Amino acid sequence: MESFAAGFEPGAEPGLPEPGQPEPGLPGAELPDEVPGAVADEEGGLPDLADEAEFEGALESILLVVDTPIAEEQLAGVLEQSVKRVTAALHRLAARYSEQGSGIDLRRIGDGWRFYTRDRFAPFVEKLLLDGQRAKLTRAALETLAVIAYRQPVTRARIAAVRGVNVDGVIRTLVARGLIAETGTDSDTGGILYRTTELFLERLGLSSLGDLPPIAPLLPEVDAIDDV
């Protein structure tokens with residue numbers, strides 16, 4: 316990590332969700348009560364989702380790491396719950412965030428759901444990202460940059476899986492600073508792929524990616540990305 320980070324200085328640099336599009340109306344169509352094959356996991360060590368607060372927490376944890384809007388059916392499959400219950404919980408969460416004036420906005424875009432920054436707070440997000448171009452990189456940003464550098468092109472979801480945390484804010488900061496850029500979509504998931512830029516090489520004083528030093532021992536989990 317020391318040699319990789321030689322061209323960057325760690326510091327303070329938070330990340331926030333990106334501004335989205337205007338919130339569309341929420342559909343009220345009838346949905347099937349059960350997902351075929353959905354059963355409670357009694358032996359797999361998964362949390363008991365009978366409690367609504369636990370269930371909503373599980374939904375939020377998934378929504379934090381998705382690259383693109385995720386459908387109710389997919390959420391139901393992951394949580395092994397009915398589509399009807401998932402949809403009802405999503406509507407409750409969306410209404411709650413709105414009533415509380417939360418900066419997080421849960422929206423249904425197209426056929427799926429995703430977190431966005433509430434529109435009225437977008438100017439603060441933009442200001443942070445612009446100011447962030449002059450801020451120093453945090454350790455989290457350096458680690459995320461390392462994952463992209465050594466395993467590019469790679470999606471946000473796979474980076475989040477390796478690091479074990481949401482990386483949306485860090486990704487947006489790295490894009491805003493010109494260190495990474497989008498480079499198409501993953502053929503399997505449709506997620507946006509990211510790569511490093513020429514500016515990244517310039518900041519490290521490298522002529523090509525082949526000149527990158529070996530993966531630092533502080534980031535052994537980067538190798539695990541091929542198994543995600």
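Each number in the working numbering corresponds to the 1-based position in the sequence shown with 315 added. Backbone N, C-alpha and C fix where the C-beta goes; we use that ideal spot for every residue, glycine too. Here the structure is a predicted model, which means the values were calculated and not measured.
{"Asked": "8 angstroms Cβ cutoff met for residue 435 and residue 428", "Found": "no"}
{"Asked": "Residue 508 vs residue 459 beta-carbon contact at 8 angstroms", "Found": "no"}
{"Asked": "For residue 485, three-class secondary structure by DSSP", "Found": "helix"}
{"Asked": "Check whether residue 482 and residue 474 have beta carbons under 8 angstroms apart", "Found": "yes"}
{"Asked": "Distance, residue 466 Cα to residue 514 Cα", "Found": "18 angstroms"}
{"Asked": "Euclidean distance between Cα positions of residue 339 and residue 516", "Found": "With a pLDDT of only 45 at residue 339, under the threshold of 50, the placement of this residue in the model should not be trusted, and no figure is reported."}
{"Asked": "Coil, strand or helix - residue 381 by DSSP", "Found": "coil"}
{"Asked": "Residue 496 (DSSP reduced to helix, strand or coil)", "Found": "strand"}
{"Asked": "Bridge-paired residues (DSSP) for residue 430", "Found": "421"}
{"Asked": "Distance, residue 456 Cα to residue 367 Cα", "Found": "34 angstroms"}
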